[in-house]
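Visitor: By numbering that gives the first Met the number 0, the letter at position 62 of the first sequence is numbered 61, and the numbering carries on one by one without gaps. Below: one structure in structure tokens.
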Amino acid sequence: MSDFEKRVLDLVRRIPRGRVTTYGHLARAAGSPSAARMVGYILNRQKFNPAIPAHRVVNRRGELTGRWHFETPDLMRRLLENEGVPVQDNRIPDFMQYLWIPPMPE
DNA sequence: CTACTGACTCAAT
DNA sequence: GATTGAGCCAGTA
């Protein structure tokens, strides 16, 4: 498991309940600004790890692009709504309001 | 070894 | 706005 992967997973674990962040922000904070695709890939391998709240990671427009990788396509939406994050048409309306920006390394 | 594929993003058009 | 092309890099065939 690469350092990048470990950093990404560590950051995902820190996303507060009821907040979301994006693949791009995670990639940047983990030290590889253009590796947004890798973030989704990493989450896919960890999707059975209950310690990783992967449903709190959306793309930069607030779309639930990862929903097809959950057990059922509506699970991601249900988990978010359970935390108070509204989802409409596979997207979080006014999603900037819920955005959590991961801490950047020095 | 090469080729293709993504839970993505950005800049240019 | 929409579309296109490129960068990213681990995994798979």
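Just so it is clear, CB atoms sit at the ideal spot from N, CA and C, and this is done for glycine as well.
For Y22, which of R16, K46, S31 has the nearest alpha-carbon?
Guide: Along the first sequence, one-based indexing puts residue 22 at 23. For the residues R16, K46, S31, the minimum Cα distance to Y22 belongs to S31.
Visitor: So what does DSSP say about V86, is it helix, strand or coil?
Guide: Here residue 86 refers to the residue found at position 87 when the first sequence is read from its first residue. It is coil, neither helix nor strand.
Visitor: Just checking, does the stretch 60–79 make contact with the stretch 24–38 on the three C-beta pairs under 8 Å criterion?
Guide: Short answer: they don't touch.
Visitor: Using only alpha-carbon positions, find the residue among A35, D88, D93, M0 that is nearest to V56.
Guide: Walking along the first sequence from the start, residue 56 turns up at place 57. With distances taken between Cα atoms, V56 lies closest to A35.
Visitor: Taking the Cβ atom as the reference point for each residue, do I14 and P52 lie within a distance shorter than 8 Å?
Guide: Translated into positions along the first sequence, residue 14 becomes position 15. Translated into positions along the first sequence, residue 52 becomes position 53. Result yes, Cβ atoms of I14 and P52 sit closer than 8 Å.
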